[in-house]
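If you count by full-length UniProt numbering, then the sequence shown holds residues 1 to 321, one letter each, in order.
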Amino acid sequence: MVLWCRRALASLWQWGPGGVRRPISLSVGASGLFGSGGSHEKEKLSLQDIAELIRSRACQKVLVMVGAGISTPSGIPDFRSPGSGLYNNLQQYHIPYPEAIFELEFFFHNPKPFFKLAKELYPGNYKPNVAHYFLRLLYDKGLLLRLYTQNIDGLERVSGIHPSKLVEAHGTFASATCTVCRRSFPGEDCWADVMADRVPCCPVCNGVVKPDIVFFGEPLPQRFFLHMADFPLADLLLVLGTSLEVEPFASLSEAVRSTVPRLLINRDLVGPFAWHPRSRDVAQLGDLVRSVETLVGLLGWTEELQALVQRETGKLDGQDR
Ligand code: CNA
């Protein structure tokens, strides 16, 4: 299973209605192609219903899929947000087209643009925000079946979610591999070079050492295959901050059973929520932090979340000093 981007399809929706919008909640599943959910078929859910399913523990196997949009409130630009996204700000990298920065062929031709971006995204530069800590609360309460992330910033780990509950589907900076002799290195071995704007090289064969970030055309990590066990088990799917344009990750959102409620928290309606809606889909559109705070309010977890954010941010600030 290799990584690829729906570039052709992407153009159909990625520049949809933009700008700042108030969060709104929609039931999007009028006639789901995959929504053969028997008695659930006509039942429309709201954000409040989703909160009640979690709060009452009617749903205890919550799967979460996230993308770059959960980290923009931490200050890390996503790919596709018009204006602020990396794809609109790549002039500084001198690349022929945006995806080139994550393409192997281009990397072998010129690895410098990727390492310039890597320097920006390297773990340690940013802190988790309320969205990460909301997911941490799900984990603390024993409700998180697994968190599938496309992000390479490592903020899910930093928020305190145990790695066994994570699938870092697009890889990690925690390790790196020589592109010539395939020797593996701890990620921190590259750190000094990346920070000094040098391309890290293998001490044995002098090949370029690439952090284990999955590029387009590369296979996904073995842990990605956990989806085959996880998705049939899930009783609720939360999808946060992703355009659902990168495959095979995007298609996971269709791998839960057709009766399982799916909640999208994102600025825009994306992926199957737009073009394969199911009857039990809910979309909370608008600013992600406000949407998460609304959900957390409905759950009655606001004070707990605030205390967690304060405690964990304090710990991280202490490490900075
Ligand atoms: P994307 O395609 O850029 O989509 C992000 C989505 O989040 C878009 O639909 C945005 O509208 C939405 N969004 C962004 N900020 C907010 C906000 N504040 N409130 C509400 N919605 C918001 O990113 P995807 O993750 O879908 O694409 C997958 C790529 C992006 C993966 O391969 C990642 O490795 C890659 N990426 C990761 C990071 C990171 O690790 N933080 C940063 C940039 C890109």
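All C-beta atoms, glycine included, are put in the ideal place defined by N, C-alpha and C.
**Report entry** Beta bridge counterpart(s) of serine 4 as assigned by DSSP
**Finding:** At residue 4 the sequence reads tryptophan, which differs from the serine that was named. According to DSSP, which records beta bridges pairwise, tryptophan 4 is partnered with Glu247.
Query - Nonlocal neighbours in the same chain, by C-beta distance under 7 angstroms from phenylalanine 134, ignoring five residues either side - result: Val292, Val296, Leu305
Query - Every unbroken beta strand (DSSP E) inside the segment 111 to 149 [3 residues or more] - result: Secondary structure in the segment 111 to 149: the beta strand (DSSP E) runs of 3 residues or longer, each lying completely within the stretch, are 144 to 149 in chain order.
Report task. Evaluate lysine 210 with the Cβ neighbour count: other Cβ atoms within 10 Å of its Cβ, from every protein chain shown; 16 or more gives buried, anything less gives exposed. Result -> buried
Query raised in the report: Closer than 6 angstroms: is that where the CB of aspartate 153 sits relative to any heavy atom of the ligand CNA?
Result: yes
Report task. Give a single yes or no on whether valine 292 has its beta carbon closer than 6 angstroms to a heavy atom of the ligand CNA. Result -> no
Query raised in the report: Is the closest heavy atom of the ligand CNA to the C-beta of aspartate 287 under 6 angstroms?
Result: Distances taken from the Cβ of aspartate 287 to the heavy atoms of the ligand CNA include one shorter than 6 angstroms.
Requested in this report: On a CA-only basis, which of Asp230, Met228, Leu236, Phe115 is nearest aspartate 197? Give me that one, please.
Outcome: Phe115
**Report entry** Residue span of the beta strand (DSSP E) that contains proline 77, given as start and end
**Finding:** No beta strand (DSSP E) holds proline 77; DSSP gives it neither H nor E.
Query raised in the report: Does DSSP put leucine 63 in a helix, a strand or coil?
Result: strand
Query raised in the report: Which residues in the same chain have their Cβ closer than 6 angstroms to the Cβ of proline 128, if we skip the five residues on either side of it in sequence?
Result: In chain order, Leu155, Val158, Ser159 place their CB closer than 6 angstroms to the CB of proline 128, counting only its own chain and leaving out the 5 sequence neighbours on each side.
Query - First and last residue of the uninterrupted alpha helix (DSSP H) at cysteine 190 - result: 188 to 195
**Report entry** Cβ neighbours of cysteine 59 in the same chain (closer than 8 angstroms, five flanking residues each side left out)
**Finding:** Leu53, Leu143, Asp235, Leu236, Pro261
Report task. Output the distance between the C-alpha atoms of asparagine 110 and cysteine 181, rounded to the nearest integer angstrom. Result -> 19 angstroms
Query - Proximity of tyrosine 126 and glycine 75 at Cβ, strictly below 7 angstroms - result: Their beta carbons are under 7 angstroms apart, which means tyrosine 126 touches glycine 75 by this criterion.
**Report entry** Closest residue to leucine 137 among Ala274, Val256, Val62 (Cα-Cα distance)
**Finding:** Val62
Requested in this report: Write down the C-beta distance between leucine 104 and glutamate 218 rounded to the nearest angstrom, noting that I regard them as a contact closer than 8 angstroms.
Outcome: 7 angstroms
**Report entry** tryptophan 153 (DSSP reduced to helix, strand or coil)
**Finding:** Residue 153 is actually aspartate in this sequence, not tryptophan. Here aspartate 153 sits in coil by DSSP.
Query raised in the report: Residue ranges of each beta strand (DSSP E) run of no fewer than 3 residues wholly in the segment 194 to 221, ordered along the chain?
Result: 209 to 213
Query raised in the report: By the 10 Å Cβ neighbour count, where 16 or more other Cβ atoms means buried, how is glycine 38 classified, buried or exposed?
Result: Any answer about glycine 38 is weak, because its pLDDT of 42 lies below 50 and its placement is not dependable; what the coordinates show is given next. Exposed, since its Cβ has fewer than 16 Cβ neighbours within 10 Å.
Requested in this report: Tell me whether asparagine 88 sits in a helix, a strand or coil according to DSSP, three-state version.
Outcome: Under the three-state reduction of DSSP output, asparagine 88 falls in the helix class.
Report task. Rounded to whole angstroms, what's the CA-CA distance from phenylalanine 79 to alanine 283? Just pull it up for me. Result -> 21 angstroms
Query raised in the report: Given isoleucine 152, which residues of its chain have a CB within under 7 angstroms of its CB, disregarding the five upstream and five downstream residues?
Result: Leu121, His170, Gly171, Thr172, Phe173, Ile213
Report task. Specify the secondary structure class of threonine 177 as computed by DSSP and reduced to three states. Result -> In the structure shown, threonine 177 falls within a strand segment according to DSSP collapsed to helix, strand and coil.
Query raised in the report: So is valine 239 buried or exposed if we call it buried at 16+ other beta carbons inside 10 Å?
Result: It counts as buried.
Query raised in the report: Quick one: what does DSSP say isoleucine 282 is sitting in, helix, strand or coil?
Result: The question names isoleucine, but residue 282 in the sequence shown is valine. Strand.
Query raised in the report: Taking 6 angstroms as the cut-off, is the CB of asparagine 266 close to at least one heavy atom of the ligand CNA?
Result: yes
Report task. Give the single residue among Val2, Gly69, Arg311 whose Cα lies nearest to the Cα of aspartate 287. Result -> Gly69
**Report entry** Counted within 10 angstroms of its Cβ, other Cβ atoms place tyrosine 186 as buried (16 or more) or exposed
**Finding:** The sequence given here places proline at residue 186; tyrosine does not occur at that position. Counting Cβ neighbours within 10 Å, proline 186 comes out exposed, since fewer than 16 surround it.
Query raised in the report: Per DSSP, which one or two residues make a beta bridge with arginine 262?
Result: Leu237, Asp281
Report task. May I have the straight-line CA-CA distance separating arginine 106 from proline 163, to the nearest angstrom? Result -> The sequence shown places phenylalanine at residue 106, rather than the arginine named in the question. When rounded, the distance between both Cα atoms is 31 angstroms.
Requested in this report: Starting from the Cα of valine 66, find the closest Cα among His94, Leu252, Thr294, Lys119 and give me that residue.
Outcome: Valine 66 has its Cα closest to that of Leu252, out of His94, Leu252, Thr294, Lys119.
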